[in-house]
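Residue numbers (this note's numbering): 2 to 308.
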C-alpha cells in the first residue's frame, strides 16, 4: 500500500516520461487474498512490518501508460537490534530457511492435512515470514505465515504426499496459514484462511484434471501485482516479460511478502513437504538482501555478464 508519492515528468517525442518515487507499506493480506489491497490492514511495527522504497519509470504515449522499469529497496521498518531496544518482548524475524522455523511449518502442514473435510491433500506453496520470541515456560516460540495449495491427491488416499502435484493455479484452492510452535511443546495452534479456486467449472464425463506443472514456484515477469482483486491466486504478471499497462489496471509494486520462500526439507508420509530447493527470485541481483524477507525484485532484471 502506498504511503507517500513523489512524481516528476518530462516531455519526450509524442508523450512524456514519468518517474514515481513510492514509499510502500506492508499489509496483512497475502497476494492470494482477493480482497482489494485498499481494504487490507497495515502491519504495524510491533509485528515486524516491512517497507519498500520504489523508483518506478513510466512512459505515456497517446494516453497509453506503461511501466518501463522499477527498482525497490525492501527492508524491515526496524532491524532486530532496533526492535530489541524499543520492545524487548516483541518477536524478531528469522531467515526464511531457519531450520526450527521450517520444522514448525512442517508440523502445521501435517496437522492441516488431518482435516478430513478437505477433498484433497495440500502442500506448501511458500513461506511468507517466520518470527520468533521467547516465552517463559515454553522456550522459544515460532510464528510462521505460509501458503498451502491444493493438490491432485484425494484426501485419504494411500500416497506419499511428496508425489502429489498442485492443481492448476486457477483450479486450486489455497490456504493462508498462521501457526504457533513451541520448542518445548511442539505445535500449539494453526489457523488458516481458505480462498476458493478461480475456475470452479466441473469436469465433464471422463475428463481428467489438467496438469499445469509440478511445483507452484518461480517468478517470470514483472511483479507489480495488486493482490489480483477478485481473481484468485496471483499469476505474478506478464509471463512474456512485458511491463503491465497502467491504463489497464496495473498498479505499482507493493511491500507485501511475495516470491517463494525456501521450503522445508521433505519428509516421508502424510503432511510432508516436497523436498524443493530454495527459490530466491532475484538472487544475485540484489546487494545484501535480508534473508528474512521476500524482496520486490527489480524489473527488468539486469542481464548477467557471460563468462
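Ideal Cβ placement from N, Cα and C applies to all residues, glycine included. A quick note: this is a predicted structure, and the numbers were derived from the prediction, not measured.
Closest to residue i by C-alpha separation, out of the options, would be which residue?
{"i": "residue 39", "options": "48, 29, 64 and 46", "result": "29"}
{"i": "residue 174", "options": "195, 4 and 54", "result": "195"}
{"i": "residue 299", "options": "47, 74, 154 and 186", "result": "74"}
{"i": "residue 123", "options": "17, 62, 97 and 151", "result": "151"}
{"i": "residue 296", "options": "15, 116, 96 and 8", "result": "96"}
{"i": "residue 303", "options": "285, 293 and 289", "result": "285"}
{"i": "residue 53", "options": "22, 69 and 33", "result": "22"}
{"i": "residue 2", "options": "8, 25, 12 and 14", "result": "25"}
{"i": "residue 104", "options": "15, 79, 184 and 290", "result": "184"}
{"i": "residue 167", "options": "79, 107, 137 and 125", "result": "125"}
{"i": "residue 121", "options": "19, 162 and 292", "result": "162"}
{"i": "residue 78", "options": "107, 158, 156 and 47", "result": "47"}
{"i": "residue 288", "options": "118, 189 and 72", "result": "72"}
{"i": "residue 4", "options": "55, 37, 12 and 36", "result": "55"}
{"i": "residue 1", "options": "213, 208, 116 and 76", "result": "No answer is possible for residue 1: the residues shown for the chain start at 2 and end at 308."}
{"i": "residue 119", "options": "137, 197 and 208", "result": "197"}
{"i": "residue 12", "options": "137, 205, 63 and 203", "result": "63"}
With a threshold of 7 Å (Cβ to nearest heavy atom), would residue i be considered close to the ligand PLP?
{"i": "residue 289", "result": "In terms of ligand content, the structure shown is empty, and the ligand PLP therefore cannot be addressed."}
Helix or strand or just coil, what does DSSP make of residue i?
{"i": "residue 111", "result": "helix"}
{"i": "residue 292", "result": "coil"}
{"i": "residue 86", "result": "helix"}
{"i": "residue 176", "result": "strand"}
{"i": "residue 103", "result": "helix"}
{"i": "residue 286", "result": "coil"}
{"i": "residue 4", "result": "strand"}
{"i": "residue 268", "result": "For residue 268, the predicted model reports a pLDDT of 39, less than 50, meaning its position is unreliable and no value from the coordinates is stated."}
{"i": "residue 162", "result": "helix"}
Quick check on the DSSP output: the beta strand (DSSP E) that includes residue i runs from which residue to which?
{"i": "residue 23", "result": "16–26"}
{"i": "residue 142", "result": "140–155"}
{"i": "residue 65", "result": "65–77"}
{"i": "residue 193", "result": "187–196"}
{"i": "residue 58", "result": "51–62"}
{"i": "residue 136", "result": "121–136"}
Between which two residues does the alpha helix (DSSP H) carrying residue i extend?
{"i": "residue 212", "result": "Careful: residue 212 lies outside any alpha helix (DSSP H) and carries neither H nor E."}
Kindly list the residues whose CB is nearer than 6 Å to the CB of residue i, restricted to its own chain and excluding five residues on each side of it in sequence; keep chain order.
{"i": "residue 17", "result": "10 and 61"}
{"i": "residue 272", "result": "Reliability of the predicted coordinates at residue 272 is poor, the pLDDT of 41 falling under 50, and the value obtained from them is presented with this limitation in mind. So the qualifying residues of the chain are 110, 111 and 114."}
{"i": "residue 160", "result": "154"}
{"i": "residue 70", "result": "58"}
{"i": "residue 290", "result": "296"}
Please list, in chain order, all residues of the same chain as residue i whose beta carbon is under 7 Å from its beta carbon, the five residues on each side excluded.
{"i": "residue 211", "result": "169"}
{"i": "residue 193", "result": "113, 176, 177 and 178"}
{"i": "residue 186", "result": "139"}
{"i": "residue 108", "result": "182, 187 and 188"}
{"i": "residue 217", "result": "Only weak support is given to the placement of residue 217: the predicted model assigns it a pLDDT of 44, under 50, and the value that follows is read from those uncertain coordinates. Counting only Cβ-Cβ distances below 7 Å, and skipping sequence neighbours, we find 126, 150, 167 and 170."}
{"i": "residue 191", "result": "109, 112, 113, 178 and 180"}
Once you ignore the five residues that flank residue i on each side, which residues in its own chain have a CB closer than 8 Å to its CB?
{"i": "residue 378", "result": "Limits of the chain in this structure are 2 at one end and 308 at the other, which puts residue 378 out of reach."}
{"i": "residue 41", "result": "2, 28, 29, 30, 34 and 228"}
{"i": "residue 14", "result": "none"}
{"i": "residue 76", "result": "51, 52, 53, 291 and 294"}
Any contact between the segment 84–104 and the segment 161–174? By contact I mean 3 or more CB pairs, one from each, below 8 Å. no
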